[in-house]
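Asker: Chains A and B supply the protein sequences, listed in that same order.
The numbering of the first sequence is this note's numbering, which starts it at 692 and goes up by one.
The numbering of the second sequence is this note's numbering, which starts it at 26 and goes up by one.
So that we are looking at the same thing, I have put the structure below in structure tokens.
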Amino acid sequence: MTFFKSLVSALAVTAVSATAAFAGPPEQPRVLDFDAMGKTIGKRGGTLTTLMAKPKDVRWITVYGGARLVTWDQDYNLTPDILESIEVEGNRIFTLKLRKGHMWSDGQPFTTEDFRYWWEDVAQNDQLEPSGPPREMLVDGKLPKVTFIDELTVRYEWETVNPVFLTALAGASPTYIYMPAHFARQYHEKYADPAKITSLIESEKVQNWTSLHKRFTRQYRPENPDMPSLQPWTNSTKLPSERIIFKRNPNYHRVDSNGTQLPYLDEVILNMASSAIIAAKAGTGETDLQARYIRFDNYAFLKQGADKGGYNVLLWPSGRGSEMTLLPNLNTKDEGFRAAMADVRVRRALSMGIDRDEINEAIFFGLGRPQANSVLPDSPLFKQEYADAWAMRDLDKANALLDEAGFDKKDGEGFRIMPDGRPFEIIVETAGESSQETDILQLIADHWKQIAVKLFVKPSQRDILRGRVSNGETVMSTWQGLNRGLATAQMNPEELAPISPVQAQWPSYGLHYESKGSTGTAPNTPEIKRLAELYTSWRKAGDTAEQTKIWDEMLSIFTDQVYTIGVVSGGLQPVVVSNKLKNVPETAVWAFEPTLYFGQSMPDTYFMAE
Amino acid sequence: MSDDKSKSVLTGNTLTSDAVDTARTETFAADSNTPLTVDETSGAEAAAAAARMKANLPEGTQTGSPLPAEGAGALPHFVSTAPFDLQSVEQLTPEQEKIYFASQLTLMWWKFRQHRVAVWSGVFLLVLYSTIFISEFLSPWNYQTRHSKHIYVPPQGVHLFHDGEFIGPFVYDLKRKLNLETMTREYTVDESKPLKLSFFCSGDKYNWFGLIPADNHLVCAPKGAPFYLLGTDRLGRDMLSRILQGARISLTIGLIGITVSFFLGIVIGGAAGYYGSWVDMIVQRVIEVLQSIPTIPLWLTLSAIMPASWSPILIYFGITIILGLLDWTGLARAVRSKLLSLREEDYVLAAQLIGAKAPRIIGRHLVPGFMSHLIASATITIPTMILGETALSFLGLGLREPITSWGVLLNEAQSINVVAVFPWLMLPVVPVIFVIIAFNFLGDGLRDAADPYK
Chain A
692 MTFFKSLVSA LAVTAVSATA AFAGPPEQPR VLDFDAMGKT IGKRGGTLTT LMAKPKDVRW
752 ITVYGGARLV TWDQDYNLTP DILESIEVEG NRIFTLKLRK GHMWSDGQPF TTEDFRYWWE
812 DVAQNDQLEP SGPPREMLVD GKLPKVTFID ELTVRYEWET VNPVFLTALA GASPTYIYMP
872 AHFARQYHEK YADPAKITSL IESEKVQNWT SLHKRFTRQY RPENPDMPSL QPWTNSTKLP
932 SERIIFKRNP NYHRVDSNGT QLPYLDEVIL NMASSAIIAA KAGTGETDLQ ARYIRFDNYA
992 FLKQGADKGG YNVLLWPSGR GSEMTLLPNL NTKDEGFRAA MADVRVRRAL SMGIDRDEIN
1052 EAIFFGLGRP QANSVLPDSP LFKQEYADAW AMRDLDKANA LLDEAGFDKK DGEGFRIMPD
1112 GRPFEIIVET AGESSQETDI LQLIADHWKQ IAVKLFVKPS QRDILRGRVS NGETVMSTWQ
1172 GLNRGLATAQ MNPEELAPIS PVQAQWPSYG LHYESKGSTG TAPNTPEIKR LAELYTSWRK
1232 AGDTAEQTKI WDEMLSIFTD QVYTIGVVSG GLQPVVVSNK LKNVPETAVW AFEPTLYFGQ
1292 SMPDTYFMAE
Chain B
26 MSDDKSKSVL TGNTLTSDAV DTARTETFAA DSNTPLTVDE TSGAEAAAAA ARMKANLPEG
86 TQTGSPLPAE GAGALPHFVS TAPFDLQSVE QLTPEQEKIY FASQLTLMWW KFRQHRVAVW
146 SGVFLLVLYS TIFISEFLSP WNYQTRHSKH IYVPPQGVHL FHDGEFIGPF VYDLKRKLNL
206 ETMTREYTVD ESKPLKLSFF CSGDKYNWFG LIPADNHLVC APKGAPFYLL GTDRLGRDML
266 SRILQGARIS LTIGLIGITV SFFLGIVIGG AAGYYGSWVD MIVQRVIEVL QSIPTIPLWL
326 TLSAIMPASW SPILIYFGIT IILGLLDWTG LARAVRSKLL SLREEDYVLA AQLIGAKAPR
386 IIGRHLVPGF MSHLIASATI TIPTMILGET ALSFLGLGLR EPITSWGVLL NEAQSINVVA
446 VFPWLMLPVV PVIFVIIAFN FLGDGLRDAA DPYK
């Protein structure tokens, strides 16, 4: 028996040293200060199981993994992560230095060639990216001057400042300015053998080589198990699958205070389950770490099974500007409703008609904060006036505003009719993903009855809803509030300005901006124009003081004009953590950005205790 | 009992089976050479009358033979002077008369009465259906009233004695504590002060059937006192009131749906069976197509068509009509096959000869012949309708708030939280189960009774 044991350990030692010969962290790894982070030194090994609902959810591993060229640290300052260092001159010239000996997960070196490949052969290839490099790379429509100084140094140089560059690199869904060149080349027209590409196009049933290249080199959504990565874990399962196994990246660039290479966990397994039963499964201890697909109202149930299931339930404060917002569509197709939604008096009245205290009490256990959709008190940009903007229930004022806006006539039942004679019935479309949303809307429907406005809820489906919103088919929809509820001045204020067609309150204005005026509608009110202007000027702002000023003005316009109607902020996200899993913080901000959900707390430091 | 007697008497007669619905066809087919004597009255009635006449002239029951003794020579011509009275030969006792002359309905009723379970199911359903006229009155609260201080209150008991003293039905106050450890609302009963319930009192305002404003309730608690016999839901709404209100929708949706499907089934099935040939062919193919479509996706599509801005009541009607539109196929088939055999009957030919039009022949002569069968099958279909509504609403595609039905209530109860922490929210399952079972028993009883001569 003893002999056997020693044989096994001897073999294990050989195995470890064998791999160490070929793999390991870069020469200058990122050493994490565990004491400062309040973490304990763990040991390698173990498997973490978590539940997800869709194969698409593999992207959360990229978010949770949290390896970025630069990242936001605990105090929301940007620090180099994958990069060894970064030099910034006047927010204009960025010199990125890579770690020596840093390798992709497949053992190939990670060098400036990977940056060059992306910049020259992908971003500027008009077949792969017909619309050119991503917006973050352009300042006034001009490309940067990119110099590949040596194997480990690359410089991006713009004529004027580009404050989005670094924040985009640190994003939850970051801008990838590099790509594993050695791997991606095999799908690139310029490098690959044409015969091989033709046969691949045929066998994969795609249109052309660009689809091939796109499909096999996705970095944010690691669907391709052969694609090398820099994240702590890399996918090893071909999708679709009911069980997706992520394996430890042997060349990961972070080490703990003792010099042990991270991540500690050997495997992360995503088990697919229907989103409706994930809470139930979590309650029986079928997951080691779970926050996605469980909600605050599951807390009592989860807590009940905590002892038996061998887990603990933490409550992490949400970092969203509002747990739910109503988004009046300013670009809705229907003329009567477009006029109504575009009228700030209507939006303010609707916001004031909501009894946020009751919603807080009934849905959020009284733990939330009734406030407008704005930044949170923990953000340095917070001002009380933003939170309070038109968020206090005042029926008289709301009624007066609606009367003034031309909605003074009532029908037989006592509900308001629009100036064109139709009933003022607002249909709120939801993605139909949580009953919490419907409950809140139910309460709001009752509240609005008192200002004689009818609300109907129409549950739909996420993708359908998106489509309907951008086609202007919705009058009002719901979504979560600002993702960057904990914004600092350095963060991109894009959520406050009409710049993207995904923004459900002004999809057409957003499209107009994104298409540089070729499609969509140009904003027609001074406030919205100003927001777009401010956004443009933020992108040119030289320093934090100027950025702060711009953020202030944008927040002030955004909340005063009530483009989105926030309900309650400060929700709590239950996090189920197995008792065996260590180094998960007791509390952290649950947000997509800037904390990348678990990402900021560094899941690579989590480990399984015996 | 009655069944046995009628059988024993009737078997002595060669033509007895005439009276029996099912066998009627054969006899008429065999007798098809006899002259037609069917008048304007319905074929079914005429046949029944003829059967009864014949039944009263049984050969074997005569007493004292009128024939002379053997070898007495030629018989003198004899003419009886007694009045010709069919009934004189055999006088039925009033008791027998009651049975032999009983109408089909009466016979059905007698037969039905023997099926005890069916009777009790019927009584149960009658009581339930009568409550829907006064749901608001029976509910202690308006079903939409939210008690934000009493969210997720478990079912509560009603007490009679306080400190050993009888003071009539009363409830105790509840003390709420927010447990921040488990994030639950904990309610403890404060037994210091009894809060007496009052009867026939004024409470929450409501509009009776959405029309007549009133505030009368059968029972109410003093102001601010908690009185939730079946607990409250996540918004603090009284479950008992919601279940009572939900009964109105859930129980009637079956009736309305069945009316639609009945109408369609009889008209379409009737046409197919009566005309046969290509009409029948088309109808049969349509039915096959309809039946081959999986029901749930079809429901989903149809209910997705209904615009969100429709009032809940319109949606309600929309759903009943959807359920009805999809459910007629089985019935149409039954009607068709029945008609296919009945249309060959002589009385149909007679009706045709005297110029009756197809709708009249189907409606007047053919359908009544198997109405009882239809009624029984309808009774069995109602639960399918109720379950259909429940299923649709459970999936969130049927009725929507603020209208409430058992399906809507169950839809709200489908999370793991409810099962584990707030099980009383699943109570609407209980009436659903009981109603479905009751309807099935009732249908069973009716089906047996529909054929009383068997």
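Glycine included, each C-beta is placed from N, C-alpha and C at the ideal position.
This structure is a prediction, so every number in the text was calculated from the model and none was measured.
Which whole runs of the alpha helix (DSSP H) in the segment 710–780 of chain A are 4 residues long or more, in chain order?
Answerer: Counting only runs of 4 or more, we get 725–728 and 750–756.
Asker: What are the start and end residues of each continuous alpha helix (DSSP H) run of 4 or more residues lying completely inside the segment 1142–1175 of chain A, in chain order?
Answerer: 1153–1161
Asker: Out of curiosity, what's the CA-to-CA distance linking B:Trp153 and B:Arg310?
Answerer: According to the sequence displayed, residue 153 of chain B carries Leu and not Trp. The alpha-carbon atoms of B:Leu153 and B:Arg310 are separated by roughly 40 Å.
Asker: Helix, strand or coil for B:Thr257, going by three-state DSSP, please let me know.
Answerer: strand
Asker: Can you give me the start and stop residues for the alpha helix (DSSP H) that B:Gly189 sits inside?
Answerer: That residue, B:Gly189, is in no alpha helix (DSSP H); it is neither H nor E in DSSP.
Asker: Report the residue from B:Ala401, B:Ala403, B:Gln377 and B:Ser402 whose alpha carbon sits nearest the alpha carbon of B:Leu391.
Answerer: B:Gln377 is the residue among B:Ala401, B:Ala403, B:Gln377 and B:Ser402 whose C-alpha sits nearest the C-alpha of B:Leu391.
Asker: So A:Gly1010 packs on A:Trp1281, CB below 8 Å; how close in whole Å?
Answerer: 6 Å
Asker: In chain B, which residues lie with their C-beta within 8 Å of the C-beta of A:Phe992?
Answerer: Ile441, Asn442, Ala445 and Val446
Asker: Does B:His242 come out as helix, strand or coil in the three-state DSSP assignment?
Answerer: strand
Asker: Roughly how many whole angstroms lie between the Cα atoms of B:Leu450 and B:Gly423?
Answerer: B:Leu450 and B:Gly423 have their alpha carbons spaced roughly 19 Å apart.
Asker: Tell me, please, whether the CB atom of B:Leu378 is closer than 8 Å to any CB atom in chain A?
Answerer: No, B:Leu378 does not count as interfacial toward chain A.
Asker: Roughly how many angstroms separate the alpha carbons of B:Pro393 and B:Asn465, rounded to a whole number?
Answerer: 23 Å
Asker: Check whether the Cβ of A:Gly974 lies closer than 8 Å to any Cβ atom in chain B.
Answerer: By this cut-off, A:Gly974 is an interface position.
Asker: Check each residue of the segment 188–210 of chain B: if its Cβ is closer than 9 Å to any Cβ of chain A, include it; give the result in chain order.
Answerer: Leu203, Asn204, Leu205, Glu206, Thr207, Met208, Thr209 and Arg210
Asker: In the DSSP output, what is A:Arg912 paired with across the bridge?
Answerer: DSSP lists no partner for A:Arg912.
Asker: According to DSSP, simplified to helix, strand and coil, what is A:Gly1123?
Answerer: coil
Asker: In whole angstroms, what separates the C-alpha of A:Tyr912 from that of A:Arg934?
Answerer: According to the sequence shown, residue 912 of chain A is Arg rather than Tyr. A:Arg912 and A:Arg934: Cα-Cα distance of roughly 16 Å.
Asker: Report yes if the C-beta distance between A:Phe1147 and A:Val1119 is below 8 Å; otherwise report no.
Answerer: A contact, by the Cβ cut-off of 8 Å.
Asker: Can you tell me whether B:His184 is helix, strand or coil according to DSSP?
Answerer: strand
Asker: Are the beta-carbon atoms of A:Ala714 and A:Pro941 separated by less than 8 Å?
Answerer: yes
Asker: Under 8 Å between C-beta atoms, does B:Ile274 make it to chain E?
Answerer: Absent here is chain E; the protein component of the structure consists of chains A and B.
Asker: Please confirm if B:Ile291 has its CB atom under 8 Å from at least one CB of chain A.
Answerer: no
Asker: Tell me where the alpha helix (DSSP H) around A:Glu1200 begins and ends.
Answerer: Before going further, note that residue 1200 of chain A is Tyr rather than Glu in the sequence given. Pro1198 to Glu1205 is the extent of the alpha helix (DSSP H) around A:Tyr1200.
Asker: Cα-Cα, which of B:Gly295, B:Leu327 and B:Ile347 is closest to B:Ala359?
Answerer: Here the closest residue by C-alpha is B:Gly295.
Asker: In chain B, what lies closer than 9 Å to A:Asn1303 by C-beta?
Answerer: For chain A, the structure presents residues 692 to 1301; residue 1303 of chain A sits outside this window and is missing.
Asker: Start and end of the beta strand (DSSP E) containing A:Thr1023?
Answerer: Note, A:Thr1023: premise wrong, no beta strand (DSSP E); not H, not E.
Asker: What three-state label does DSSP hand A:Gln952 in the structure shown?
Answerer: strand
Asker: CA-CA distance, A:Gly756 and A:Phe1289?
Answerer: Each residue's Cα considered, the two are about 8 Å apart.
Asker: Alpha carbon to alpha carbon, what distance is there between A:Ile1155 and B:Asn232?
Answerer: 38 Å
Asker: Kindly indicate which three-state DSSP category B:Gly228 falls into: helix, strand or coil?
Answerer: strand
Asker: Residues in its own chain within less than 8 Å of A:Gln1152 by CB, not counting five upstream and five downstream?
Answerer: Ala1122 and Gly1123
Asker: So, using beta-carbon positions, are A:Gly1172 and A:Ser1070 closer together than 8 Å?
Answerer: No, the Cβ-Cβ distance between A:Gly1172 and A:Ser1070 is not below 8 Å.
Asker: Checking the sheet assignment: what are the DSSP bridge partners for A:Met794?
Answerer: DSSP lists A:Pro800 as partners of A:Met794.
Asker: If the criterion is Cβ atoms closer than 8 Å, does the pair A:Leu1067 and A:Ser1260 meet it?
Answerer: yes
Asker: Quick one: complete alpha helix (DSSP H) runs, 4+ long, within the segment 138–218 of chain B?
Answerer: 141–156 and 160–163
Asker: For B:Leu367, which option in B:Ile379, B:Gly388 and B:Ile347 has the closest C-alpha, if you only look at C-alpha atoms?
Answerer: Looking at the Cα atoms, B:Gly388 is the closest of the given residues.
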